[in-house]
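Residue numbers for the sequence shown follow my numbering, beginning at 54 and rising by one.
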Amino acid sequence: LERRIRGRGTDSEEAISRRLERARVELAAEAEFDAVLVNDDLDRALAELEQLMGLNP
Numbered sequence: 054l055e056r057r058i059r060g061r062g063t064d065s066e067e068a069i070s071r072r073l074e075r076a077r078v079e080l081a082a083e084a085e086f087d088a089v090l091v092n093d094d095l096d097r098a099l100a101e102l103e104q105l106m107g108l109n110p
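Here it is in structure tokens:
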């Protein structure tokens, strides 16, 4: 994540630090969730979300 953010070259050090800290907190809470939804392809993410919600069996 850090390499990808820095590679863009658009974020300040402060923004990068905030983003990385938020990622650490989210990863620490991973066990609290039943599913992981990766939002790197909108159509696929929407289909997976609909399936998780029981809207698209």
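Think of the CB as a built atom: it goes at the ideal place given N, C-alpha and C, for glycine as much as any other residue.
Contact defined as beta carbons within less than 8 Å: I believe residue i pairs with residue j. What is the distance between those atoms, to the nearest angstrom?
{"i": "L54", "j": "L73", "result": "7 Å"}
{"i": "A98", "j": "V91", "result": "7 Å"}
Between the alpha carbons of residue i and residue j, how many angstroms are there, rounded?
{"i": "A76", "j": "E66", "result": "15 Å"}
{"i": "F86", "j": "D94", "result": "21 Å"}
{"i": "A68", "j": "I58", "result": "10 Å"}
{"i": "G107", "j": "V78", "result": "28 Å"}
{"i": "G62", "j": "N109", "result": "39 Å"}
Below 6 Å CB to CB, which residues in the same chain sit around residue i once its five sequence neighbours on both sides are set aside?
{"i": "A88", "result": "L105"}
Length-filtered (4 minimum) alpha helix (DSSP H) runs lying within the region 54-98: Complete alpha helix (DSSP H) runs here, min 4: 55-61 and 66-81.
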